[in-house]
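Numbering (my numbering), first residue to last: 730 to 969.
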Ligand SMILES: [Zn+2]
């Protein structure tokens, strides 16, 4: 195989490795963002639940105060009942007592139901807090894992880039330029093998002239259809 082409093939492999590593970093970032988002949602839910709980507690206090007032009022009415001087007054106080009793019953029910609601809300809030803490732990663990892997990847990319940059100046400038031009649109498939007498980039059958150029000479052959650089795979590679 043409030595420049052999080197370019190596360059293509390095670029692919770098692209794969970049993709891995992107995927990790997406995963991390997803967990951060879920943690944020949980946090918002907790804040909402806390607000609701505070409202319920205020409501409860309000109703409890009303209930106390009603009870005080009832006590006063009981005393008043003992001091009535005629039938008309008796009736009036009795009516008031009945109303106060109904009121008291209603308020007691309301207080009970609010207490129940608060109890449930507190239970829900505790569960939310548990889940939130759990998520934060997961996030921290993931971030540590991701950070370690990212550092590893950075080092790998640096190493590959260094090897690549050492190789680049040893390649014929014009061949390199042409490779880079093809790579701009072919993105990682500027050099492709010939398989079943076809270009493995665009899958067009190659003419006998191109195949002869590839098989019999050391010149770089280009696909007449798509323009990619072509090479014949080694026997061992084909068997893989
Ligand atoms: Zn082609």
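Don't be surprised by glycine CBs; every beta carbon is placed ideally from N, CA and C. Remember, it's a predicted structure, so these values are computed and weren't measured experimentally.
- Residue 888 counts as exposed, since fewer than 16 other beta carbons sit within 10 angstroms of its beta carbon.
- Per the coordinates, the alpha-carbon of residue 789 lies some 52 Å from the alpha-carbon of residue 877.
- With at least 16 other beta carbons inside 10 angstroms of its own, residue 958 counts as buried.
- Distances between the C-beta of residue 912 and the heavy atoms of ligand 1 are all 7 Å or more.
- Judged by beta-carbon spacing, residue 740 lies beyond the 8 Å limit of residue 886, meaning their Cβ atoms are not closer than that value.
- Within the same chain, and ignoring the five residues on either side of residue 961 in sequence, the residues whose Cβ sits closer than 8 Å to its Cβ are 730, 922, 923, 943 and 944.
- If you check the C-beta of residue 866 against ligand 1, you find no heavy atom less than 7 Å away.
- Excluding sequence positions up to five before and after residue 757, its CB lies within less than 6 Å of the CB of 875, all in the same chain and listed in chain order.
- Under the 8 Å Cβ criterion, the stretch 788–806 counts as touching the stretch 820–837, having at least three qualifying pairs.
- In the DSSP assignment, the residues bridged to residue 927 are 924 and 934.
- Spatial neighbours of residue 764 in its own chain (CB-CB distance under 8 Å, excluding positions within 5 residues in sequence) are listed in chain order as 864, 867, 868 and 871.
- Taking 7 Å as the cut-off, one finds at least one heavy atom of ligand 1 near enough to the beta carbon of residue 954.
- Among the bridge pairs identified by DSSP, residue 959 is matched with 921 and 950.
- Judged by DSSP secondary structure, residue 814 falls outside any alpha helix (DSSP H); it is assigned neither H nor E.
- With 16 or more other CB atoms across the displayed protein chains lying within 10 angstroms of its CB, residue 736 is buried.
- DSSP, read as helix, strand or coil, puts residue 773 in helix.
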